[in-house]
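K.L.:
I am attaching a structure below and will ask some questions about it afterwards.
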Amino acid sequence: MENLIDIESISKEEIIKIIDVAKDFKKNKKKSDVINKTLALMFYENSTRTRCSFEIAGQKLGMNIINFDANHSSLLKGESLKDTIENLYFLGVNAVVIRHSYSGIINNVMRLVKYPIKFINGGDGTHAHPSQALLDFYTMLEKIGTVENKKIVIIGDVSHSRVAKSNISLLSKFNADIHLCAPTYLQFENKSAYNVTYHNDIKEAVEGANVVMLLRVQNERHEDSGYPDSLEYKRLYETDTKLLKEYASNDVILMHPGPANRNIEVSSELLDNRVGKTILEQAQNGVYVRMSILNTLLERIGE
Amino acid sequence: MENLIDIESISKEEIIKIIDVAKDFKKNKKKSDVINKTLALMFYENSTRTRCSFEIAGQKLGMNIINFDANHSSLLKGESLKDTIENLYFLGVNAVVIRHSYSGIINNVMRLVKYPIKFINGGDGTHAHPSQALLDFYTMLEKIGTVENKKIVIIGDVSHSRVAKSNISLLSKFNADIHLCAPTYLQFENKSAYNVTYHNDIKEAVEGANVVMLLRVQNERHEDSGYPDSLEYKRLYETDTKLLKEYASNDVILMHPGPANRNIEVSSELLDNRVGKTILEQAQNGVYVRMSILNTLLERIGE
Amino acid sequence: MENLIDIESISKEEIIKIIDVAKDFKKNKKKSDVINKTLALMFYENSTRTRCSFEIAGQKLGMNIINFDANHSSLLKGESLKDTIENLYFLGVNAVVIRHSYSGIINNVMRLVKYPIKFINGGDGTHAHPSQALLDFYTMLEKIGTVENKKIVIIGDVSHSRVAKSNISLLSKFNADIHLCAPTYLQFENKSAYNVTYHNDIKEAVEGANVVMLLRVQNERHEDSGYPDSLEYKRLYETDTKLLKEYASNDVILMHPGPANRNIEVSSELLDNRVGKTILEQAQNGVYVRMSILNTLLERIGE
């Protein structure tokens with residue numbers, strides 16, 4: 001594995017290796033191989049979890065971290081992203097995590113950059129968020145052992161969700177039984193391209209589910225787009241304790257990439273009980289998974 | 304001591320312990336017990352001194368520091384402070400320093416958060432600024448040995464000052480003779496709630512004073528509020544060398560939480576002479592006091 | 607050497623020492639003498655290269671770094687730069703790198719500050735950018751051995767360029783044959799103050815050149831100033847492979863402080879070939895030169 005751009009580009013074996021190394025980090029059985037290597041964080045969109053998670057992962061590995069401030073950088077002087085990243089490489093940066101609102105921008109810039117800096121996609125537009133899918137997978141394995149033939153339901157605006165797409169891609173590789181639940185017009189245009197089952201009705205979707213993964217209602221992305229308002233969405237798709245108890249499997253786990261809108265896509269009461277705690281455990285696992293990603297990409301880089 | 308929210312919530316013994324440990328750090332007699340623990344700085348208001356002071360304190364202790372950028376965080380996506388902080392805890396953050404313009408917000412959020420992250424109030428609205436009061440106390444003890452029965456005069460807009468309130472609370476515990484000097488309408492509404500002496504006249508207030516603590520004229524908080532303009536304030540309440548020489552005790556020390564408005568609440572000439580240097584020594588002591596706070600709150604946290 | 611404000615204030619011997627120590631850092635033959643010392647970065651103008659370069663240099667030396675956020679600092683409360691820097695000194699900061707749009711501001715503030723914090727000019731207005739000139743000199747020595755009697759051509763808006771001025775100052779000390787090429791109205795008003803040869807025509811300027819140093823067309827500085835528009839500038843002064851091949855010395859090296867405007871002052875094709883790579887090597891050398899500057903200024907500071 002040379003970079004982490006999307007799930008499609010990595011193999012099952014590479015995914016399993018990342019999960020195994022993350023387990024070792026979590027159990028404190030593995031030492032860092034990347035002490036004093038340098039990681040640059042380039043975040044062109046708001047983020048708490050992903051940026052802090054990579055920063056803490058880097059710190060725990062003993063890396064040096066550069067927080068590249070997109071708003072005060074030379075990009076405002078018209079410098080292209082390619083030139084910025086090549087410059088960072090020559091300054092000694094070994095890997096960059098990029099978050100950006102343009103789908104596919106990281107694939108593009110990676111093709112242009114001629115030097116062996118490592119690229120990690122921290123979320124690009126509606127395209128991919130591979131480290132999120134990997135930490136979600138880690139959490140599912142930890143909680144239910146395997147995803148094979150398990151019913152995994154993703155509820156929300158899947159068509160605009162990089163989290164959903166990366167999860168579908170990963171879970172397909174491991175033969176999960178994937179279900180998507182959303183109003184029809186928020187499902188994929190090209191439905192048959194995905195090997196999933198579609199639902200409009202949340203009860204039907206959650207029936208017997210082993211994993212219920214909620215997506216965030218992204219009000220900030222959908223202004224004036226015909227997206228349902230929050231109250232309409234809540235009425236049809238809010239997940240609460242009663243719904244899970246009546247319809248889902250007994251051992252169902254709840255997931256959410258965060259930040260959750262309380263009492264919109266998930267009831268506040270559910271978030272704060274034992275079941276909702278899995279969402280915080282996802283965040284915790286994310287640090288170990290990102291340590292594993294960084295260590296795996298950079299362990300063989302010479303000083 | 305579990306958190307540092309305000310002075311009212313901690314005991315004299317806890318205060319003395321913080322001072323003693325700070326002394327040991329200043330004398331280089333104490334090693335950090337919190338190496339590789341993680342501190343998040345969440346500053347929702349402008350700050351140089353307090354943020355840098357905590358950051359440098361954390362660095363000197365060998366901690367990992369996360370500068371949580373309030374302007375680019377998921378709070379802009381509507382995430383509540385409680386959820387943000389619980390998420391930070393699961394990411395591995397051991398303590399947060401919060402500065403915020405809302406009085407009492409840290410007490411509120413602390414009650415909501417269910418996990419044992421440590422809270423440090425870095426200044427909340429007009430409520431409290433306990434680490435400032437502790438470093439002021441440290442500096443007074445260093446300079447005049449004790450505050451008991453010493454005349455300590457706080458000059459300025461005490462009613463809106465979190466610094467004044469935390470200092471009054473702390474100095475009351477140690478039986479100082481506390482005097483407040485301000486125009487009547489900037490003194491407390493509920494005057495009798497505080498065991499202090501009130502003055503309008505600065506000469507009367509400073510008469511025999513051992514400590515003269517100035518507050519910043521906070522022009523940015525008082526627009527259109529009937530607050531006196533800066534020139535009016537200067538005419539009535541500017542402290543200068545002549546005033547101290549004529550009225551204060553011979554060994555008087557000058558304090559100011561900074562940043563000072565030169566030639567408004569304090570003459571530029573006084574700031575730059577030997578007496579004014581105490582204000583910089585306060586800043587220096589602040590680093591040791593914050594090292595002590597961090598070490599004390601976190602020394603028993605497991606890895 | 608006590609500070610690094612401009613090239614005029616340091617001697618040839620001091621420059622040679624900085625270059626020699628930088629070489630040792632590059633060859634990994636020198637250990638840091640400044641571990642755990644504290645560097646503050648105060649950047650009041652956009653910057654990628656210089657800020658990241660100093661930050662990475664500090665990290666490689668094992669220093670603690672404070673990124674002073676000019677936009678959220680107490681300067682917004684009216685605190686003067688002198689007071690901010692004296693405060694940083696008492697917080698434990700050993701050196702500051704300042705970038706600012708006002709020419710000469712660092713000389714001014716240095717005279718006001720009474721405590722032995724070290725000042726490094728990271729670029730002030732149109733005055734000076736000494737660390738850039740030092741890294742340019744390092745790169746020239748590395749590539750062509752000496753600058754003595756070598757033809758070094760600086761092309762672009764020299765009159766507003768702090769990079770050009772610091773380079774002219776440094777190269778004059780070492781007896782380079784300096785040529786400036788620009789439209790007349792972008793050359794110095796006081797032409798005879800500099801021991802250089804002036805050209806309007808780029809072919810004449812580049813004739814036999816050993817070093818061609820391009821300056822950035824700074825569109826953001828010249829609005830409504832009668833500066834030529836980018837296309838006019840490109841037509842007259844764009845450097846490309848053909849120009850260098852036809853007119854320059856066979857061993858010519860291309861330099862640019864970055865970020866370059868592709869297809870304005872330099873052709874994209876030239877930037878991306880072997881000759882253009884020197885510009886990235888400048889960036890790489892910059893880290894070693896800044897490690898040398900920091901180590902040299904701070905090696906004798908007591909803990």
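Residue numbers (our numbering), protein chains in the order written: chain A, 1 to 303; chain B, 304 to 606; chain C, 607 to 909. Glycine is no exception: its CB is placed at the ideal position from the N, C-alpha and C atoms.
#1: Specify the secondary structure class of Tyr744(C) as computed by DSSP and reduced to three states.
#2: Does the beta carbon of Pro562(B) sit closer than 8 Å to a beta carbon anywhere in chain C?
#3: Can you tell me which residues form a DSSP beta bridge with Met558(B)?
#4: As an exercise, report each continuous beta strand (DSSP E) stretch of at least 3 residues that is fully enclosed by the region 629-676 of chain C, in chain order.
#5: Mind the definition here: the region 129-143 of chain A touches the region 101-114 of chain A only if three or more C-beta pairs lie below 8 Å; say whether that holds.
#6: Just the chain A side, please: which residues come within less than 8 Å of Thr387(B) by C-beta, in chain order?
#7: Got a sec: is the Cβ-Cβ distance from Phe43(A) to anything in chain C below 8 Å?
#8: Using C-beta distances below 8 Å, list every residue in its chain close to Glu572(B), excluding the 5 sequence neighbours before and after it, in chain order.
#9: Apart from the five residues on each side of it in sequence, which residues of its chain come closer than 8 Å, Cβ to Cβ, to Val520(B)?
#10: Leu608(B) touches chain A at which residues, Cβ-Cβ below 8 Å?
#11: So which residues on chain C does Asn263(A) lean against when the C-beta distance must stay under 7 Å?
#12: How long is the line joining the alpha carbons of Tyr791(C) and His766(C), rounded to whole angstroms?
#13: Where does Arg896(C) fall in DSSP's three states?
#14: Please confirm whether Gly125(A) and Ser103(A) have their CB atoms less than 8 Å apart.
#15: Helix, strand or coil, according to DSSP, for Asn200(A) in the structure here?
#16: Check whether the region 440-458 of chain B touches the region 395-409 of chain B, taking contact to mean three or more Cβ pairs, one atom from each stretch, closer than 8 Å.
#17: Ends of the alpha helix (DSSP H) at Asn424(B)?
#18: In its own chain, which residues sit with a C-beta less than 6 Å from the C-beta of Leu687(C), not counting the 5 before and 5 after it?
#19: Exposed or buried, Asp626(C), counting other C-beta atoms within 10 Å across all chains shown (16 or more means buried)?
#20: Give, in chain order, every residue of the region 733-763 of chain C whose Cβ lies closer than 8 Å to some Cβ of chain A.
#21: Are the CB atoms of Leu600(B) and His320(B) within a distance shorter than 8 Å?
#22: By alpha-carbon positions, which one of Ser472(B), Leu518(B), Asn452(B), Ile408(B) ends up nearest to Cys484(B)?
#23: Mind checking whether Tyr578(B) and Leu557(B) have CB atoms under 8 Å apart?
#24: Could you tell me the alpha carbon to alpha carbon distance between Val592(B) and Ile784(C), rounded to whole angstroms?
#25: Among Ser292(A), Thr38(A), Phe90(A), Ile144(A), which residue has its Cα nearest to the Cα of Lys29(A)?
#26: Where do the ends of the alpha helix (DSSP H) carrying Ala467(B) lie?
#27: Near Asp309(B), which residues of its chain fall below 6 Å by C-beta distance, leaving aside the five closest residues on each side in sequence?
#28: Any C-beta of chain C sitting closer than 8 Å to the C-beta of Thr38(A)?
#29: With which residues is Lys454(B) paired in a DSSP beta bridge?
#30: Spell out whether any CB of chain F is found under 8 Å from the CB atom of Asn714(C).
#31: Could you check where the alpha helix (DSSP H) with Arg538(B) kicks off and where it finishes?
#32: For Pro865(C) and Gly92(A), what's the separation of their Cα atoms in angstroms?
#33: Going by DSSP, which residues form a beta bridge with Arg868(C)?
#34: Do you know whose CA, among Glu541(B), Glu510(B), Ile388(B), Gly448(B), lies nearest Leu280(A)'s CA?
#35: So which residues on chain C does Leu583(B) lean against when the C-beta distance must stay under 7 Å?
#36: Could you tell me the boundaries of the alpha helix (DSSP H) in which Ile711(C) lies?
P.N.:
Quick look at the numbers:
#1: Annotated three-state conformation of Tyr744(C) is helix, per DSSP.
#2: Against chain C, the CB of Pro562(B) has a partner CB under 8 Å away; the residue lies at that interface.
#3: In DSSP, Met558(B) forms a bridge with Met516(B).
#4: If we require 3 residues or more, the beta strand (DSSP E) runs fully inside the region 629-676 of chain C come out as 644-649, 670-674.
#5: Segments in contact, no.
#6: Correct list: Thr48, Pro259.
#7: Cβ-Cβ to chain C under 8 Å: no for Phe43(A).
#8: Only residues of its own chain outside the window of five on either side were considered, and among them Asp543, Thr544 have a CB closer than 8 Å to the CB of Glu572(B), listed in chain order.
#9: Once the five neighbours on either side are set aside, the close Cβ partners of Val520(B) are Gly459, Asp460, Ser533, Tyr536, Asn564, Ile567, Glu568.
#10: Here chain B covers residues 304 to 606 and nothing more, so residue 608(B) does not appear.
#11: Residues of chain C whose Cβ lies closer than 7 Å to the Cβ of Asn263(A) do not exist; the shortest such Cβ separation is about 32 Å.
#12: Rounded to the nearest angstrom, the two C-alpha atoms are 11 Å apart.
#13: Here Arg896(C) sits in helix by DSSP.
#14: Their beta carbons are under 8 Å apart, which means Gly125(A) touches Ser103(A) by this criterion.
#15: In the displayed model, Asn200(A) falls within coil according to three-state DSSP, outside both helix and strand.
#16: Taking a contact to require three or more Cβ pairs closer than 8 Å, the region 440-458 of chain B and the region 395-409 of chain B do not qualify as touching.
#17: No alpha helix (DSSP H) holds Asn424(B); the beta strand (DSSP E) holding it covers 421-427.
#18: If we look at Leu687(C) and ignore the five residues flanking it on each side, its Cβ neighbours are Val715.
#19: It is exposed - the Cβ of Asp626(C) has fewer than 16 other Cβ atoms within 10 Å.
#20: Residues: none.
#21: Sequence inspection shows Lys at residue 320(B); the His mentioned does not correspond to that position. Using a Cβ distance threshold of 8 Å, Lys320(B) and Leu600(B) do not count as a contacting pair.
#22: Taking only the C-alpha atoms, the option nearest Cys484(B) is Leu518(B).
#23: It should be pointed out that residue 578(B) corresponds to Val in this sequence rather than to Tyr. For the pair Val578(B) and Leu557(B), the CB atoms are nearer than the 8 Å cut-off.
#24: Their Cα atoms are separated by approximately 55 Å.
#25: Of Ser292(A), Thr38(A), Phe90(A), Ile144(A), the smallest CA-CA separation from Lys29(A) is found for Ser292(A).
#26: In the DSSP annotation of this structure, the continuous segment of the alpha helix (DSSP H) that includes Ala467(B) starts and ends at 465-476.
#27: Here the set comprises Ala431, Pro433.
#28: Nearest CB-CB separation between Thr38(A) and chain C: below the 8 Å threshold.
#29: Paired residue(s): Asp480(B).
#30: Of the protein chains in this structure, namely A, B and C, none is chain F.
#31: Residues 533-540.
#32: So the two alpha carbons sit approximately 17 Å from each other.
#33: In the DSSP output, where bridge partners are listed per residue, Arg868(C) has Val872(C).
#34: The residue among Glu541(B), Glu510(B), Ile388(B), Gly448(B) with its C-alpha nearest the C-alpha of Leu280(A) is Ile388(B).
#35: Within chain C, the residues near Leu583(B) are Glu692, Asn693, Phe696.
#36: Annotation: the continuous alpha helix (DSSP H) that includes Ile711(C) extends over 711-718.
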